[in-house]
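In my numbering, the protein residues as written are 8 to 501. All residues carry an ideal CB built from backbone N, CA and C; glycine is no exception. Quick caveat: nothing in here was measured; it's all calculated off a predicted structure.
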RNA sequence: GGCGCGUUCGUCUAGUGGUCUAGGACGCUGGCCUCUCACGCCGGUAACACGGGUUCGACCCCCGUACGCGCUACCA
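If you want it as C-alpha cells, here you go:
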C-alpha cells in the first residue's frame, strides 16, 4: 500500500437521481478519505449521450449536499485536476487513446455494428466458450486505415489485449482475484461519437486526478482486469481497489426501482433524516467488532475501515431504517426538532395556525418518545392543532361509563376555579374529584383523554391538558359531553 | 454458455481452529413499569447451504456440489 495521502472519488453517472447504493459507495469513499486524512472528489461520468437526463447533475449534487458528504473537489469546487465532468475532457481521452494507438496497445476498428452482432451470434452458435472480438481491424495496413479515415468511415478505438500472464487483482475487500488473460476482450475505448467508454475515461481520470484507492460497487470487479491492462499500457501506477458488495432487493436481486424506492430523494421526501439514512446505509456491508449500531457521520469517520467491509450483498431492509430514524430523531436537540416541525407544519393543513415556539416545544417534549418521524408530531397528535373531529368508538366503548358525564362535569367545575394552572394543578384537581366521588383516578383520566383528544392514546393526560390550556380543555370537555353520550348509546344498541 | 464473486437467525451482522450448548441489533413475541400509547427494563423466538476431506478438534482451512448474484454492450 502506498503511503501517499489517499485521494478517492465518487464517480456517478447522472441518471436522474442518487441511488441508495450510490449513496453507500459515496459514503464509504468519504469515510475512507476523512478517516485517513485524504481527499474526496466528486466526478461526473457523463459519457453516455444517449442517457442524458435534463437536470440530473444538479439533482445529484443537491442530494450529495443534502446528506452532507462534502467533497473537496468536484463540480463548483475546483481543484487542480478539473474539469470534473468527463464530457468536458474529451480532448484528454483522445490524446491518450492516440498515444495507445501509436504504442500498438490500441487500434482503430471500422467494423460495423452489424458485423459485430453477426460475429457474436456466430460465436454463440459455434458454442465458443466466450464471445470476443476477432481482432480483424488490428491487421489493417496503414494505407487501409488512412483510406478508411479519408472516406469518413466511422471507427472506434479498441484496446489491444496481447498474450501474457494472468491478471491478478489484490482487492482490499476480496483479497486476491485472478483472471485468465485469454478471457479479456479487446474492449472499446473510444466510441464512434468520440466519447470514451467508462473503462477509458475512468482509468485516465483516476490517474490524472491522482486517485489512490478505487472504491466502487462489485459490478466493476469483472472489468477491473481491463483497467489494469490500461494502467500497464500507459506505464501508470495501479491504484488500490476495493469492490463493495451490492445492495439487494428482498428477493436478492440487485436493488432496483421496480421493487420499492431506490432514490435517496424518495427517502428524503418520506421524512427520513439524513443521519439515519447514512447510518443505516453504512451498516449495509460494514460493521464494527463491538455492538455499536448508532453512529453519526463523525462516529462513522472515526470507526471506518475498508478491512471491515464484507463480501456478501445486503438486502435493503426498511424496517431497520425506520428504527434508526426514530433513534436519531429522539437524540436530536429539541430546538432542532422544533425547527423541523415548523417546516413540516407549513406544508400541512395547519399552515395558517399561529402557534408559538413555546407551545410547539411542549408538543415536541410530550411526543418525543412517541414518534419516529417529524411528520408524526402532526399526524399522531392532531388534537394539539385542532379540536377532535371525531371520537374513537372503541375507546368510548371501553372507557366511557355511566358516571363519566357526572365526573367530567365535576372536573370542569374544579378547573374553572383554577387560575393559570400548571401541570400539577390539573392532577391535583382530578385527584380531588376522584376522591370526592370515591373512585379511581383512571375513571376520570380516560374519559378526559377521549373528550379532549378524541383518541385513547397519547402523552400523559396532565401533559395533554396543560399543553391545551384551561380554556381549551373546558371547551373541549363541554363539547364532548354533548356528543359522546349519544355515541355511547348507539354503540350499546348495535 | 463463459468468467468472476458470494452463501451464519426472516433481515443487518459478530465470529479468523478449541473461549460457540454460535453473540448483538431490527422484526415478531411474553412480562414488568403504567392513566393510554410509546420509551425503558427483563425474557422468548430463530441461523453456521450441502457433501467430502485436513485436524485430537471445524462456522472458521482445502476440494466438490447446489443455489444466488454480477459481468459477458460503441451503458455505466
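Query - Under the three-state DSSP convention, the category residue 96 falls into - result: Numbered from 1 along the first chain, position 89 holds the residue referred to as residue 96. Residue 96 falls in the coil class under three-state DSSP.
Query - Beta-ladder partner(s) of residue 293, from DSSP - result: Taking the first chain and counting its residues from 1, the one referred to as residue 293 is at position 286. Residue 293 is bridged to 316.
Query raised in the report: Are residue 38 and residue 71 close, meaning C-beta to C-beta below 8 Å?
Result: For the purposes of this step, residue 38 is identified with residue 31 of the first chain, where counting begins at 1. For the purposes of this step, residue 71 is identified with residue 64 of the first chain, where counting begins at 1. Cβ distance not < 8 Å, so residue 38 and residue 71 don't count as in contact.
Requested in this report: Put residue 429 into one of helix, strand or coil per three-state DSSP.
Outcome: Here residue 429 is taken as the residue at index 422 of the first chain, counted from 1. In the structure shown, residue 429 sits in coil (DSSP, three-state: anything other than H, G, I, E or B).
Query raised in the report: Whose C-alpha, out of 465, 28 and 113, is nearest the C-alpha of residue 239?
Result: To locate residue 239, count along the first chain from 1; it is residue 232. Of the listed residues, the one whose Cα sits closest to residue 239 is 113.
Query raised in the report: Going by the CB atoms, is the gap between residue 223 and residue 32 shorter than 8 Å?
Result: The count along the first chain starts at 1 and reaches residue 32 at position 25. The count along the first chain starts at 1 and reaches residue 223 at position 216. Contact flag set, yes.
**Report entry** Touch test, the segment 69 to 88 against the segment 167 to 175, Cβ-Cβ under 8 Å, three pairs minimum
**Finding:** no
Query raised in the report: Quick check: the segment 313 to 320 against the segment 338 to 353, are there 3 or more CB pairs under 8 Å?
Result: no
Query raised in the report: Around the Cβ of residue 364, are there at least 16 other Cβ atoms within 10 angstroms (buried) or fewer (exposed)?
Result: As a working note, residue 364 is residue 357 in the first chain. With fewer than 16 Cβ atoms within 10 Å of its Cβ, residue 364 is classed as exposed.
Report task. Compare the beta carbon distance of residue 144 and residue 115 with 8 Å and say whether it is the shorter of the two. Result -> Counting from one through the first chain, the residue named residue 144 turns up at place 137. Counting from one through the first chain, the residue named residue 115 turns up at place 108. Result yes, Cβ atoms of residue 144 and residue 115 sit closer than 8 Å.
Query - Cα-Cα separation, residue 151 to residue 160 - result: Walking along the first chain from the start, residue 151 turns up at place 144. Walking along the first chain from the start, residue 160 turns up at place 153. For residue 151 and residue 160, the distance between alpha carbons rounds to 11 Å.
Query - Counterpart residues of residue 220 in DSSP-defined beta bridges - result: On the first chain, position 213 is the one that residue 220 refers to. 247.
Query - Length-filtered (4 minimum) alpha helix (DSSP H) runs lying within the segment 102 to 132 - result: 120 to 132
Query raised in the report: Can you name the residues that DSSP bridges to residue 321?
Result: Reading the first chain from its first residue, position 314 is the one you call residue 321. Bridge partners of residue 321: 254.
Query - Residue range of the alpha helix (DSSP H) that includes residue 67 - result: Indexing the first chain from 1 puts residue 67 at position 60. Looking at the DSSP string, the run of the alpha helix (DSSP H) that includes residue 67 is 63 to 74.
Report task. Keeping to the same chain, check which residues put their C-beta closer than 8 Å to that of residue 201; ignore five residues upstream and five downstream. Result -> Position 194 of the first chain, counted from the first residue, corresponds to residue 201. Same-chain partners within the cutoff: 97 and 101.
**Report entry** residue 437 vs residue 459 beta-carbon contact at 8 Å
**Finding:** Taking the first chain and counting its residues from 1, the one referred to as residue 437 is at position 430. Taking the first chain and counting its residues from 1, the one referred to as residue 459 is at position 452. No, they are not a contact pair.
Query raised in the report: Just reading off the beta strand (DSSP E) that residue 164 is part of, what are its end residues?
Result: As a first step, residue 164 must be located in the first chain, where it is residue number 157. It spans 163 to 166 - the beta strand (DSSP E) in which residue 164 sits, taken as one unbroken run.
Requested in this report: Output yes or no for whether 8 Å exceeds the beta carbon distance between residue 280 and residue 209.
Outcome: As a working mapping, residue 280 is identified with position 273 in the first chain. As a working mapping, residue 209 is identified with position 202 in the first chain. Against a cut-off of 8 Å, the Cβ pair of residue 209 and residue 280 comes out as no contact.
Query - Presumed contact (8 Å Cβ cut-off) between residue 473 and residue 433, rounded CB distance - result: For this step, residue 473 is matched to residue 466 along the first chain. For this step, residue 433 is matched to residue 426 along the first chain. Correct: roughly 6 Å between the Cβ atoms.
Query raised in the report: Cβ of residue 107 within 7 Å of any heavy atom in the ligand FMN?
Result: Ligands displayed in this structure: none; no statement on the ligand FMN is therefore possible.
Query raised in the report: With C-beta atoms as the reference, is residue 236 less than 8 Å away from residue 174?
Result: Here residue 236 corresponds to residue number 229 of the first chain, with the count starting at 1. Here residue 174 corresponds to residue number 167 of the first chain, with the count starting at 1. Contact: yes.
Query raised in the report: So residue 195 is in the beta strand (DSSP E); what residue range does that whole segment cover?
Result: As a first step, residue 195 is located in the first chain; it is residue number 188 there, counting from the start. 195 to 197 is the extent of the beta strand (DSSP E) around residue 195.
Query raised in the report: Would you call the CB atoms of residue 265 and residue 394 closer than 8 Å?
Result: Translated into the one-based positions of the first chain, residue 265 becomes position 258. Translated into the one-based positions of the first chain, residue 394 becomes position 387. Not closer than 8 Å, so no.
Query raised in the report: So what does DSSP say about residue 134, is it helix, strand or coil?
Result: Position 127 of the first chain holds residue 134. In this structure, residue 134 counts as coil in the three-state DSSP scheme.
**Report entry** Reference residue 328, options 306, 347, 307 and 290, closest by Cα
**Finding:** Taking the first residue of the first chain as position 1, residue 328 is located at position 321. Cα-wise, what sits closest to residue 328 is 290.
Query raised in the report: On the three-state DSSP scale, how would you describe residue 170?
Result: Within the first chain, residue 170 is the residue found at index 163, counting from 1. Coil at residue 170, not helix or strand.
Query raised in the report: Does the separation of the CB atoms of residue 34 and residue 76 fall below 8 Å?
Result: Within the first chain, residue 34 is the residue found at index 27, counting from 1. Within the first chain, residue 76 is the residue found at index 69, counting from 1. Yes, the Cβ-Cβ distance between residue 34 and residue 76 is below 8 Å.
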